[in-house]
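Scroll down for the structure; my scribbles are underneath it.
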Amino acid sequence: MGCMPMTSSFVFLMRYSKRMMDPHKNSFRRKVRPHERFIEIMLFFCALLSIIITVGIVVILVKESWLFFKNPQVTLKEFFTSKKWQPMIGDFGFLPLLNATFTTSIIAMSLGVPIGLFVAIYLSEYASEKTRAVLKPILEILAGIPSIVFGYFALTFMTPLLRGIFNAERVEIYNTASAGLVIGILVLPLIATMAEDAIGAVPKELRLAAYALGSTKLETVFQIVIPAAISGISATFLLAFSRAIGETMVVALAAGAGPNFTYNPFRSAETITGYIVRISGGDVSYNSIDYNSIFALGLVLFIITFALNFISRRISERFRQEYE
Amino acid sequence: MNSMNHVVQFGTEEDVQVLMEKRRHNGTLWQAVFMFSVSLAMLFLIMLIFSVVNTTFGYVVLVNEVESSTLIAQKDSVSSFTRAELEQVAFSRLSAGILRRVEYEKPIADRSDEELIALIEQYIIKPKVRKTWGLWDSLFNKIEIDRYMAENEGSYAVFRSWVNSSFLVADQSSDPLNAGIRTALFGSLWIILVTLVFAFPIGVGAAIYLEEYAKDNRFNRALQLNIFNLSAVPSIIYGLLGLAVFVRAMEPITSGALILGIEDSTANGRTILSGGLTLGLLVLPIIIINTQEALKAVPDSLRMSSYGVGATKWQTVWNHVLPASFDRILTGTILALSRAFGETAPLVVIGASTFISIDPSGIFSKFTTLPTQIYQWSARPQGAYRNLASAAIVCLLILLLIMNSTAIYLRARINRKKRLEA
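So the protein sequences, as listed, match chains A and B.
Using numbering that gives the first Met the number 0, the first residue of the first sequence is number 0, and each one after it goes up by one.
Using numbering that gives the first Met the number 0, the first residue of the second sequence is number 0, and each one after it goes up by one.
In structure tokens, the structure reads:
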């Protein structure tokens with residue numbers, strides 16, 4: 000492999016110098032190389048595929064949702080306002096699913112955000128090199144565990160734990176609290192790693208200036224470093240929120256099957272993703288209202304997460320311009 | 000007024016001392032909070048591993064359908080049977096159909112004693128799981144197990160590791176004691192292979208275009224932004240995409256009807272090819288981003304010297320940039336594939352979770368994967384299936400660990416090479 004480039008450029012040089020010696024040929028004119036152009040076009044199409052995927056997602060979600068909303072049983076008003084989702088008997092209000100999705104995500108964020116942020120602060124401001132060398136791999140391991148394992152954890156560990164702490168009669172076997180807490184653990188490494196990057200990007204001079212004015216380490220962190228990194232940190236939170244909303248296997252296993260409009264986190268309630276998995280897992284027939292409904296809900300999910308990701312991306316891009 | 004306040008606040012030395020004390024106290028308090036958060040994060044990982052390991056080992060209380068003493072008088076355990084007795088029991092008690100199948104696979108006379116014992120246990124004695132306990136209870140709460148056994152006549156307890164050699168090679172079964180993950184393992188490997196073949200060349204190609212060829216214009220910036228956005232799309236959306244495109248619209252191709260002329264279309268496009276392509280789309284943005292990082296790490300001087308001796312763009316990329324960054328690209332790809340390996344939701348959506356006991360034989364086979372198998376087993380309410388799920392999780396995590404440590408090993412090798420070059 001190593002001598003290949005040398006040989007080929009040597010041959011190339013030989014050919015080139017021969018042509019230079021020939022006075023009748025304009026040897027400095029750019030040689031037409033059709034295969035170079037061909038390769039570039041091929042590579043371009045590889046990159047273009049990503050656009051095709053995005054367009055494909057949008058087209059398919061919109062098309063199937065269109066079929067869903069075209070159904071005479073479904074009205075837009077009912078979809079957005081009714082608190083009942085029972086496609087079998089003609090109830091098409093997606094609020095219970097949305098409500099459960101937000102319940103689990105908000106529980107997840109209320110666990111993941113403070114702990115993730117504090118871990119990030121500890122890692123970047125307090126921890127010694129040695130501690131970091133231990134903690135970072137632990138976060139990486141936690142981040143690398145598939146979500147199905149977290150689902151199992153929610154079902155077999157978190158739910159019994161909650162039922163033990165609170166009354167087993169009040170906490171149902173499937174509940175959104177358990178799923179939410181475990182999703183919080185799932186997004187924790189993401190928040191910690193990204194927030195640490197944001198905090199680490201704050202220039203050292205700012206910290207030194209704060210110390211010079213006599214502030215303590217904590218005051219420097221809370222009044223100088225965090226405000227300076229706030230755009231990166233909030234971008235992280237938004238991304239984690241979108242992750243929590245799109246999380247599927249944990250809620251499919253632990254949050255319960257069956258839509259239920261409730262604000263009580265100890266009761267079972269199906270989320271958008273949980274519904275999609277349950278319906279599509281059972282060999283749904285094409286062109287049925289069930290089949291179309293999962294795409295309509297997929298569209299809702301896509302719009303929410305896309306908006307969150309987009310805002311997050313915008314914020315972090317602005318942030319990058321501040322210090323580089 | 001304002002200045003008066005300041006005088007009051009920072010007036011005497013004593014006030015400053017008190018204030019300083021308070022600020023220091025605050026500092027220590029919050030540092031404790033930060034450290035507590037870190038230990039919580041570690042605790043979560045420990046709890047997770049504990050909950051999996053706990054259900055992977057432990058006592059199982061079984062009840063036999065047929066007692067061995069009724070087979071051969073006064074022998075309480077099959078393992079104490081002599082060879083002649085084993086063969087006699089096998090021939091006399093096995094039903095004709097099973098006997099024919101068993102003899103066809105391997106004649107009973109040729110089987111070893113251990114194989115015969117396993118055979119007799121599976122088909123004649125038929126132990127049934129009554130209840131299972133985790134490792135913790137098995138070690139520290141033995142009394143409860145004994146009490147349970149006393150209440151249930153004819154039951155006996157066996158300490159069982161749910162991960163064992165037969166678990167790895169057995170196929171799915173409705174009996175938890177004989178169920179295994181062989182079909183799921185094959186399914187996962189096939190899927191990963193298809194994913195790799197599809198996503199690796201396209202991902203690397205796209206990354207080369209974006210890093211080496213693309214000019215900084217509006218379109219290419221949009222392309223880049225789009226890839227970042229795609230990498231954050233929930234995996235279940237890819238499942239819906241795969242369901243509509245690969246399973247439904249491209250059914251003649253993905254079910255193999257068009258290419259191989261397979262008429263038996265029980266798979267309905269819910270094949271390994273569909274699954275692999277779906278996961279391929281899912282990991283494509285990740286591979287692109289990782290490869291871009293790898294290409295960015297190649298110093299520009301390398302490109303410049305290649306151009307300097309007259310190489311074209313593609314010659315530079317192919318002969319210099321790619322070889323120099325290949326280790327990193329490989330590392331990034333392995334990490335992306337390990338993400339695909341643990342992915343469940345998209346495969347469930349395109350229909351992988353059906354009960355399958357035949358090994359997949361090619362890209363047009365129906366399939367189940369390790370994570371979907373875990374999902375199926377976890378979703379069942381019976382206790383023993385939870386044990387199976389945790390055993391499968393142990394296998395999944397070990398496989399992921401192998402993949403990731405390969406990536407880490409490669410990364411370490413890159414660093415060493417870098418140091419040698421420097």
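Cβ atoms here follow ideal geometry from the backbone N, Cα and C, with glycine treated the same way.
With 16 other Cβ atoms within 10 Å as the buried cut-off, status of residue i
{"i": "residue 262 (chain A)", "result": "exposed"}
{"i": "residue 79 (chain B)", "result": "exposed"}
{"i": "residue 87 (chain A)", "result": "exposed"}
{"i": "residue 85 (chain A)", "result": "exposed"}
{"i": "residue 325 (chain A)", "result": "Outside the shown range of chain A (0 to 323) lies residue 325 (chain A), about which nothing can therefore be said."}
{"i": "residue 138 (chain B)", "result": "exposed"}
{"i": "residue 43 (chain B)", "result": "buried"}
{"i": "residue 289 (chain B)", "result": "buried"}
{"i": "residue 19 (chain B)", "result": "exposed"}
{"i": "residue 103 (chain B)", "result": "exposed"}
{"i": "residue 183 (chain A)", "result": "buried"}
{"i": "residue 133 (chain A)", "result": "exposed"}
{"i": "residue 408 (chain B)", "result": "exposed"}
{"i": "residue 153 (chain B)", "result": "exposed"}
{"i": "residue 1 (chain B)", "result": "Here residue 1 (chain B) scores only 49 on pLDDT, less than 50, and its place in the model is too uncertain to base an answer on."}
{"i": "residue 295 (chain B)", "result": "exposed"}
{"i": "residue 266 (chain A)", "result": "buried"}
{"i": "residue 313 (chain B)", "result": "buried"}
{"i": "residue 53 (chain B)", "result": "buried"}
{"i": "residue 303 (chain B)", "result": "exposed"}
{"i": "residue 145 (chain A)", "result": "buried"}
{"i": "residue 37 (chain A)", "result": "exposed"}
{"i": "residue 28 (chain B)", "result": "exposed"}
{"i": "residue 365 (chain B)", "result": "buried"}
{"i": "residue 92 (chain A)", "result": "buried"}
{"i": "residue 207 (chain A)", "result": "exposed"}
In DSSP terms, what residue i is bridged to
{"i": "residue 63 (chain B)", "result": "B:126"}
{"i": "residue 365 (chain B)", "result": "B:270"}
{"i": "residue 158 (chain B)", "result": "B:58"}
{"i": "residue 131 (chain B)", "result": "B:59"}
{"i": "residue 85 (chain A)", "result": "A:90"}
Boundaries of the alpha helix (DSSP H) in which residue i is found, first to last residue
{"i": "residue 32 (chain B)", "result": "12-55"}
{"i": "residue 221 (chain B)", "result": "217-230"}
{"i": "residue 190 (chain B)", "result": "181-207"}
{"i": "residue 34 (chain A)", "result": "33-69"}
{"i": "residue 299 (chain B)", "result": "299-307"}
{"i": "residue 285 (chain A)", "result": "First-last for residue 285 (chain A): undefined, no H or E at that position."}
{"i": "residue 247 (chain B)", "result": "Unbroken run through residue 247 (chain B): none, as it is neither H nor E."}
{"i": "residue 158 (chain A)", "result": "158-164"}
{"i": "residue 213 (chain B)", "result": "Note, residue 213 (chain B): premise wrong, no alpha helix (DSSP H); not H, not E."}
{"i": "residue 296 (chain B)", "result": "Segment: none, residue 296 (chain B) is in no alpha helix (DSSP H) and carries neither H nor E."}
{"i": "residue 314 (chain B)", "result": "312-315"}
C-beta neighbour in chain B for residue i, strict 7 Å
{"i": "residue 2 (chain A)", "result": "Unreliable placement is indicated for residue 2 (chain A), whose pLDDT of 45 sits below 50; the coordinate value is still reported in the next sentence. Residue 2 (chain A) does not count as touching chain B."}
{"i": "residue 147 (chain A)", "result": "yes"}
{"i": "residue 88 (chain A)", "result": "no"}
{"i": "residue 276 (chain A)", "result": "yes"}
{"i": "residue 100 (chain A)", "result": "no"}
{"i": "residue 329 (chain A)", "result": "With chain A running from 0 to 323 in the structure shown, residue 329 (chain A) is simply not present."}
{"i": "residue 284 (chain A)", "result": "no"}
{"i": "residue 297 (chain A)", "result": "yes"}
{"i": "residue 302 (chain A)", "result": "no"}
{"i": "residue 216 (chain A)", "result": "yes"}
{"i": "residue 252 (chain A)", "result": "yes"}
Within-7 Å CB hit, residue i to chain A
{"i": "residue 161 (chain B)", "result": "no"}
{"i": "residue 386 (chain B)", "result": "no"}
{"i": "residue 376 (chain B)", "result": "no"}
{"i": "residue 249 (chain B)", "result": "no"}
{"i": "residue 37 (chain B)", "result": "yes"}
{"i": "residue 276 (chain B)", "result": "no"}
{"i": "residue 220 (chain B)", "result": "no"}
{"i": "residue 243 (chain B)", "result": "yes"}
{"i": "residue 128 (chain B)", "result": "no"}
Practice task
Note down, one range per segment and in chain order, each alpha helix (DSSP H) of at least 4 residues found wholly within the region 185-240 of chain A.
Solution key: The DSSP assignment places complete alpha helix (DSSP H) segments of no fewer than 4 residues inside the region 185-240 of chain A at 203-211, in order along the chain.
Handout entry: Start-end ranges of the alpha helix (DSSP H) lying completely within the region 328-357 of chain B, minimum 4 residues
Key = Every alpha helix (DSSP H) stretch that sits fully inside the region 328-357 of chain B and reaches 4 residues is listed by chain position as 344-348.
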